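To keep things clear, I will list the structure first and then write my remarks on it.
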Amino acid sequence: MRGLTAGIVGIALVLSGCQSWQPTTGASAQQDGVLALEQALEDNRKLEAQLQTPPADVMQALLPPLQLQGFDDGEAVRFDLSAQNLDARSFFMDLVRDTPYNMVVSEGIGGRISLELKNVSVEEVMQTVREVYGYEYKRQGNLYQVIPARLETAMFQIDYLNVNRQGDSDIQVSAGAVSQSGEDNASERIVGTRINTKTSTNFWGQMQQTLSAIIGDGEGRSVVISPQAGMVVVKALPSELETVADYLQQAQLTLQRQVILEAKILEVRLSSGFQAGVDWQGVIRNSSESSGNITIGPSAETVTNPDNIDGVFGINFNFTDFNAMIELLERQGQVQVLSSPRVATLNNQKAVIKVGTDEFFVTDISTTTTTGTATTTTPDIELTPFFSGIALDVTPQLSDNGEIILHIHPSISEVNDQQKSIVVGTDTFQLPLAQSTIRESDSVVRASSGQVIVIGGLMQTVSDDRSAKTPVLGDIDGVGGLFRQENQGTQKSELVILLKPTIAGTEAWRNNLQQSLDNFNNLYHREGL
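Residues in the sequence shown are numbered from 1 upward in steps of one, following UniProt numbering.
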């Protein structure tokens, strides 16, 4: 079943990626895509049915009987028990008298027991004595074996990749640089604002330290981890092994939780009445009338005064569909969808989406002159890649109550070639330099599963120069200006990022596949295929 799940996930991610590609012409491509998605949906439904009602023989094979540390059911024999400074061996033997249980006490058992219990079962008494006095026991059906507390070895299977991941997210505002002339020719950059976020995942190394701390450094205790095999071998007391088992179970449940991240990166070309930016007051009022409460910011408080919203910010809307927000934004300008990335990632694992191109620009030029029979000058040119496009990195952290804390760092960059004139003494140098236009933000927000997060306030002003002329007459020297018209203006736009995190489950994957199928059909329908 694990392989089937992986296959479904793979289809969902491949077919619902950044959606910036152009469809292949022809009906066969459409049929192949539709059939693949429909097959994935059918496999997903079968998987869900198997998970809900697994066959009895499969359950018996995969889940052999385990001795859980729980109380007996209501059919167990219950009684009142009183013991005052009673010999431990006598206590255990008398405990099962007149009951259907058997008791075997090891030779190494000693000590004395005092307790007063009412309406308890044999299992409850044995657990209580173990927790209070440290007597270990094993149970097989109706047979109890009391044994001395001694070191035991247990093996645990851990499903996790044998990889170490390093992540780094950086945003800064440079305020200039100070240089010093002389032999050192040193320079120092002045940074106005900087946020550097680093993530490091060394799961197996951290597990070694954690398990060693749980069992302590007593004589004979040890922890052996094999990341390649995904095995953990622990030698410790039974009570310590129980703590290790509980920790590993909770750790795997937390680490294996998955979140689906869907994003819409929009550029809103603002209408004449919204040159100051998107009127979020109007968006909130209009959406509140149709969808109810709206929350803003990481504290998820209800918006009561929309007049205080401006600049770069994050809003958590109760929308579960991007189209509702896009329709609201279209009332204030022309909306263009730059990218629609979708990706899945595990809990506390960074996901990076990058759509664009890398162009190389000259960043350093030097020459080497060789003298001999002839003088040879060899140029040394250093090229550096600059990224133009859309990049989005997101790190989710899932809580038990269904909330998700996200570190979000979107970046939209555009790099152009610029000729820069630099005058040194009497010489003028023309240098081709890279000119970057960047719009980015870095924030930490909190939202519920399926809630849409809106990041806005990333404004940009672009020159809009238009010219028109009368053919032939507009090209005449002197009087041609009478037959030409030139308009200089500006066009303001705002970048809006919609992000919807959804905690993944069987139903979430099915909805994701269904949405991919709908988008696939709509895309080909618009193309007329």
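We put the beta carbon where it would ideally sit given N, CA and C, even for glycine. Only a predicted model underlies this, so the values are computations on that prediction, with no experimental measurement involved.
Could you check which residue in Gln435, Leu458, Phe429 and Gln451 has the C-alpha nearest to that of Ser441?
The option with the nearest alpha carbon to Ser441 is Leu458.
For the beta strand (DSSP E) that contains Glu382, what are its first and last residues?
Note, Glu382: beta strand (DSSP E), Thr376 to Leu398.
Please say whether Lys264 and residue 561 have beta carbons closer to each other than 8 Å?
Residue 561 lies beyond the residue range present for the chain, which begins at 1 and ends at 529; the question has no answer from this structure.
Residues in its own chain within less than 6 Å of Thr25 by CB, not counting five upstream and five downstream?
With a pLDDT of 44 at Thr25, under the threshold of 50, the modelled position of this residue cannot be trusted, and the question is left open.
Please confirm whether Ile390 and Ser443 have their CB atoms less than 8 Å apart.
Cβ distance not < 8 Å, so Ile390 and Ser443 don't count as in contact.
Whose C-beta lies closer than 6 Å to the C-beta of Ser399 among residues of the same chain, with five residues either side of it excluded?
Answer for Ser399: no residue qualifies.
Should Ala374 be labelled buried (16 or more other beta-carbon atoms within 10 Å of its own) or exposed?
Flag for Ala374 reads exposed.
Please determine if the stretch 206-222 and the stretch 119-134 are in contact, where contact requires at least 3 C-beta pairs separated by less than 8 Å.
Too few Cβ pairs lie closer than 8 Å, so no.
May I ask you to report which of helix, strand or coil DSSP gives Ser226?
It is a strand residue.
Are the Cβ atoms of Leu383 and Phe360 separated by less than 8 Å?
Closer than 8 Å, so yes.
Which residue's Cα is closest to the Cα of Phe429: Arg130, Thr437, Gln435 and Lys420?
Closest option to Phe429, Cα to Cα, is Lys420.
If you measure between the beta carbons of Leu151 and Arg221, is that distance less than 8 Å?
Cβ atoms of Leu151 and Arg221: closer than 8 Å.
Is DSSP giving Arg89 helix, strand or coil here?
Looking at Arg89 - three-state DSSP - the assignment turns out to be helix.
Along the beta strand (DSSP E) that carries Val337, what are the first and last residues, could you check?
Gly333 to Ser339 is the extent of the beta strand (DSSP E) around Val337.
Count the other C-beta atoms from every protein chain shown that fall within 10 angstroms of the C-beta of Leu161, then say buried if there are 16 or more, exposed otherwise.
Label assigned to Leu161: exposed.
Within this structure, are the beta carbons of Leu495 and Arg446 separated by less than 8 Å?
No, Cβ-Cβ distance for Leu495 and Arg446 is not below 8 Å.
Return the first residue and the last residue of the beta strand (DSSP E) that Asn119 is part of.
Note, Asn119: beta strand (DSSP E), Arg112 to Val120.
Helix or strand or just coil, what does DSSP make of Asn196?
If DSSP states are grouped into helix, strand and coil, Asn196 belongs with the strands.
Could you give the distance in angstroms between the alpha-carbon of Ala154 and the alpha-carbon of Lys235?
Their backbone Cα atoms lie some 6 Å apart in a straight line.
Specify, as a first and last residue, the run of the beta strand (DSSP E) that Glu107 falls within.
Per DSSP, Glu107 belongs to no beta strand (DSSP E) and is neither H nor E.
Kindly indicate which three-state DSSP category Asn348 falls into: helix, strand or coil?
Here Asn348 sits in coil by DSSP.
Mark Ala504 as exposed unless 16 or more other C-beta atoms lie within 10 angstroms of its C-beta, in which case mark it buried.
Buried is the call here.
Helix or strand or just coil, what does DSSP make of Glu136?
Of the three classes helix, strand and coil, the one that applies to Glu136 here is strand, per DSSP.
Excluding the 5 residues preceding and the 5 following Glu403 in the sequence, name in chain order all residues of the same chain whose CB lies nearer than 8 Å to its CB.
Contacts found: Arg446, Ala447, Ser448 and Ser449.
In three-state DSSP terms, what is Asn162?
Coil, per DSSP.
Tell me Phe203's beta-bridge partners as DSSP assigns them.
Note: Phe203 sits in no beta bridge, so no partner.
For Met103, count neighbouring C-beta atoms within 10 Å of its own C-beta (all shown protein chains included) and say buried if the count is 16 or more, exposed if not.
Its Cβ being crowded by 16 or more others within 10 Å, Met103 is buried.
With Thr254 and Thr395 assumed to form a contact (beta carbons below 8 Å), what rounded beta-carbon distance in angstroms separates them?
At roughly 15 Å, the Cβ-Cβ gap does not stay under 8 Å, so Thr254 and Thr395 are not in contact.
Using CA coordinates, which residue listed in Tyr101, Phe91 and Ile455 is at the minimum distance from Asn142?
Comparing Cα-Cα distances from Asn142 to each of Tyr101, Phe91 and Ile455, the minimum goes to Tyr101.
Return the Cβ separation of Ile113 and Ala83 in integer angstroms, given the expectation that the two are a contact with Cβ distance under 8 Å.
6 Å between Cβ atoms; contact.
In three-state DSSP terms, what is Gln252?
Helix.
With which residues is residue 553 paired in a DSSP beta bridge?
Because residue 553 is not part of the residues shown, which for the chain are 1 to 529, the question remains open.
Give me whichever residues DSSP pairs with Val96 in a beta bridge.
Paired residue(s): none; Val96 is not in a bridge.
Excluding the 5 residues flanking Gln166 on each side, which residues of the same chain have their C-beta closer than 6 Å to its C-beta?
Same-chain partners within the cutoff: Ser200.
Among Leu81, Lys118, Val96 and Tyr144, whose alpha-carbon lies nearest the alpha-carbon of Ser106?
Measuring from the Cα of Ser106, the nearest candidate turns out to be Tyr144.
Using the Cα positions of Gln335 and Val415, report the straight-line distance between them to the nearest angstrom.
Reading the sequence as shown, one finds Val at residue 335 and not Gln. Answer to the nearest angstrom: the Cα atoms are 23 Å apart.
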